[in-house]
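Peer 1: Take 43 as the starting number for the sequence shown in my numbering and just add one per residue. Built from N, CA and C at the ideal position, the CB exists for glycine as well.
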Amino acid sequence: MILVTCASGKTGIAIVGALVAAGHQVRAMVKTKSSLEGVKKTGVKEALVGDLAVIEDVLRATENIELVYYIAPNMDPNEQLNGKNMITACQIQKVSRLVFHSVLHTQIEALPHHWERHFVEQSILNAKIPFTILQVGSYMQNMLPAWGQMVKTGIHRMAYDVDAPMSLVDLDDVSEAAVKVLTDDNYTNGIFEIAGPIISLKQKALILSEVLKIEVSAEKEALDDFLKHAQSLGFSDFTLSMMSKMFPYYDENGLVGCDKTLGWILGRSPTSFETFARRTAASFS
Ligand SMILES: NC(=O)c1ccc[n+]([C@@H]2O[C@H](COP(=O)([O-])OP(=O)(O)OC[C@H]3O[C@@H](n4cnc5c(N)ncnc54)[C@H](OP(=O)(O)O)[C@@H]3O)[C@@H](O)[C@H]2O)c1
Numbered sequence: 043m044i045l046v047t048c049a050s051g052k053t054g055i056a057i058v059g060a061l062v063a064a065g066h067q068v069r070a071m072v073k074t075k076s077s078l079e080g081v082k083k084t085g086v087k088e089a090l091v092g093d094l095a096v097i098e099d100v101l102r103a104t105e106n107i108e109l110v111y112y113i114a115p116n117m118d119p120n121e122q123l124n125g126k127n128m129i130t131a132c133q134i135q136k137v138s139r140l141v142f143h144s145v146l147h148t149q150i151e152a153l154p155h156h157w158e159r160h161f162v163e164q165s166i167l168n169a170k171i172p173f174t175i176l177q178v179g180s181y182m183q184n185m186l187p188a189w190g191q192m193v194k195t196g197i198h199r200m201a202y203d204v205d206a207p208m209s210l211v212d213l214d215d216v217s218e219a220a221v222k223v224l225t226d227d228n229y230t231n232g233i234f235e236i237a238g239p240i241i242s243l244k245q246k247a248l249i250l251s252e253v254l255k256i257e258v259s260a261e262k263e264a265l266d267d268f269l270k271h272a273q274s275l276g277f278s279d280f281t282l283s284m285m286s287k288m289f290p291y292y293d294e295n296g297l298v299g300c301d302k303t304l305g306w307i308l309g310r311s312p313t314s315f316e317t318f319a320r321r322t323a324a325s326f327s
């Protein structure tokens, strides 16, 4: 049985879906009871409610589990505590391997939510348990909530510079790679960068224009406007403070990795933004 944490989120649903489709038995962990129903529809064998910050909950979640796919909550003030609990539980329950869904470039101190994760990675390295770490880039799918608005207005808007280079990765590729890594012990003790091809907002807008047959232009949303909107949607002060550091960093540096490792794991080239855009446009029509 494979435990997937944060199973009801954007990442979790995709990973669980890929594992179930490949015939694996999955136990899904979510934080809130209301998320259980959605996650059960994915065909998981078991689902439970628990808080990663509470060791008793993590011990319960890892009972009789062979493999753990540890997705951590996004931008969480308890990043290190959650990680420590998961490592302790894997040691106590003698889990055969812990696979950590981390982020690209945890070495960047200017991105506190990456930097905090750097310490979790260090703890995994020192935990004397079999592990694999996947350092995952930003998903192409992050633009999906605004897809309809983009088609309506012809503006592809994000809160960072339109020329910033980003190694965007297709979440479907990430899920396919995660299944391979989880089910093949030869990936034990490895740290793998899971990044897609480099692209800017401006380049995406050109591709979107061609695919959608409308004129799409790239626009940077002012950080203050973005944060006000995010606040109105109920994002916590902690998350807002992380985002207020992340976007200026992207302005200056983008977030780039190399897509060769993902290509090697998949046995094919990672999905291009154009392929993703065509697939998404077809699914909306
Ligand atoms: N988005 C990206 O582009 C990207 C790229 C690379 C890596 N990642 C990483 O992927 C991870 C997930 O990101 P996401 O965007 O998929 O997140 P998300 O959609 O916000 O998912 C949130 C999930 O976390 C669960 N959760 C939150 N706090 C929890 C806690 N204390 N204990 C147990 N479960 C808890 C939620 O459960 P409920 O539904 O019950 O509240 C939900 O299942 C993050 O670590 C992020 O850094 C994201």
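State buried or exposed for residue 144, treating a residue as buried only when at least 16 other CB atoms are found within 10 Å of its CB.
Peer 2: With 16 or more other Cβ atoms within 10 Å, it is buried.
Peer 1: Beta-carbon within less than 7 Å of residue 106's beta-carbon, same chain only, minus the 5 sequence neighbours each way: which residues are those?
Peer 2: Correct list, in chain order: 43.
Peer 1: Could you work out which residue in 227, 254, 246 and 286 is closest to residue 141 when comparing CA atoms only?
Peer 2: Ranking the options by Cα distance to residue 141, first place goes to 227.
Peer 1: Is it right to say residue 257 is buried, meaning 16 or more other beta carbons lie within 10 angstroms of its own, or is it exposed?
Peer 2: Residue 257 comes out exposed.
Peer 1: Distance check for residue 272 and residue 195, CA to CA, integer angstroms please.
Peer 2: So the alpha carbons of these two residues sit roughly 20 Å apart.
Peer 1: Could you pull out every residue in the same chain whose Cβ sits closer than 8 Å to the Cβ of residue 253, ignoring the five residues on either side in sequence?
Peer 2: Cβ within range, chain order: 316, 319, 320 and 323.
Peer 1: Can you tell me where the beta strand (DSSP E) with residue 183 in it begins and where it stops?
Peer 2: Note, residue 183: premise wrong, no beta strand (DSSP E); not H, not E.
Peer 1: Where does residue 161 sit, in a helix, a strand or coil, going by DSSP?
Peer 2: Reduced to three states, the DSSP call for residue 161 is helix.
Peer 1: Nearest to residue 221 by CA position, among 121, 68, 249 and 48, is which residue?
Peer 2: Of the listed residues, the one whose Cα sits closest to residue 221 is 68.
Peer 1: From what residue to what residue does the beta strand (DSSP E) around residue 262 run?
Peer 2: Counting along the chain, the beta strand (DSSP E) containing residue 262 begins and ends at 259 to 262.
Peer 1: For residue 58 and residue 86, which I take to be in contact (beta-carbon distance under 8 Å), what is that distance rounded to the nearest angstrom?
Peer 2: The Cβ separation is near 6 Å, so the contact holds.
Peer 1: What residues are listed by DSSP as bridge partners for residue 88?
Peer 2: Looking at the DSSP assignment, residue 88 forms a beta bridge with 69.
Peer 1: Below 8 Å, how does it come out for the segment 276 to 292 and the segment 210 to 217: are there three or more Cβ pairs, yes or no?
Peer 2: In short, these stretches do not touch, since the Cβ pair count stays below three.
Peer 1: Which residues mark the beginning and the end of the alpha helix (DSSP H) in which residue 224 is found?
Peer 2: 213 to 224 is the span of the alpha helix (DSSP H), which, as asked, contains residue 224.
Peer 1: Quick one: Cα of residue 203 to Cα of residue 262, how far?
Peer 2: Near 6 Å, if we compare the C-alpha coordinates of residue 262 and residue 203.
Peer 1: Distance check for residue 238 and residue 310, CA to CA, integer angstroms please.
Peer 2: Using only the alpha carbons, I get a separation of about 12 Å.
Peer 1: Have a look at 259, 285 and 260 and flag the residue whose alpha-carbon is nearest the alpha-carbon of residue 267.
Peer 2: Of 259, 285 and 260, the residue nearest in Cα terms is 285.
Peer 1: Taking the beta strand (DSSP E) that residue 277 belongs to, which residues open and close that run?
Peer 2: Counting along the chain, residue 277 falls outside any beta strand (DSSP E), and DSSP gives it neither H nor E.
Peer 1: If you draw a straight line from the C-alpha of residue 65 to the C-alpha of residue 225, how long is it?
Peer 2: Going from the Cα of residue 65 to the Cα of residue 225 covers about 11 Å.
Peer 1: Measuring alpha carbon to alpha carbon, tell me which of 291, 182 and 287 ends up nearest residue 206.
Peer 2: The shortest C-alpha separation from residue 206 is found at 291.
Peer 1: Compute the minimum distance between the beta carbon of residue 160 and the heavy atoms of ligand 1, and state whether it is under 8 Å.
Peer 2: Because no heavy atom of ligand 1 lies under 8 Å away, the Cβ of residue 160 does not count as near it: no.
Peer 1: Between residue 145 and ligand 1, is there a pair consisting of the residue's CB and a ligand heavy atom that are separated by less than 8 Å?
Peer 2: It does: the Cβ of residue 145 is within 8 Å (strictly closer) of some heavy atom of ligand 1.
Peer 1: On the premise that residue 153 lies in contact with residue 178, defined as a C-beta separation below 8 Å, what is that separation, rounded to the nearest angstrom?
Peer 2: With 8 Å as the limit, residue 178 and residue 153 do not qualify as a contact, their Cβ atoms being about 14 Å apart.
Peer 1: Following the continuous alpha helix (DSSP H) through residue 235, name the residue where it begins and the one where it ends.
Peer 2: Counting along the chain, residue 235 falls outside any alpha helix (DSSP H), though it belongs to the beta strand (DSSP E) covering 232 to 236.
Peer 1: For residue 190, count neighbouring C-beta atoms within 10 Å of its own C-beta (all shown protein chains included) and say buried if the count is 16 or more, exposed if not.
Peer 2: Counting Cβ neighbours within 10 Å, residue 190 comes out exposed, since fewer than 16 surround it.
Peer 1: Report all residues from its chain with a CB closer than 7 Å to the CB of residue 249; omit the five preceding and five following residues, and keep chain order.
Peer 2: If we look at residue 249 and ignore the five residues flanking it on each side, its Cβ neighbours are 315, 316 and 319.
Peer 1: Between which two residues does the beta strand (DSSP E) containing residue 310 stretch?
Peer 2: That residue, residue 310, is in no beta strand (DSSP E); it is neither H nor E in DSSP.
Peer 1: Among the candidates 241, 234 and 219, whose CA atom is the shortest distance from the CA of residue 308?
Peer 2: Selected option, being the one with the closest Cα: 219.
Peer 1: Which two residues bound the contiguous beta strand (DSSP E) that contains residue 100?
Peer 2: Premise fails: residue 100 lies in the alpha helix (DSSP H), 97 to 104, not in any beta strand (DSSP E).
Peer 1: Within its chain, find whatever has a CB closer than 6 Å to the CB of residue 209; leave out the 5 residues flanking it on each side and keep chain order.
Peer 2: 179, 237, 238, 240, 298 and 299, listed in sequence order.
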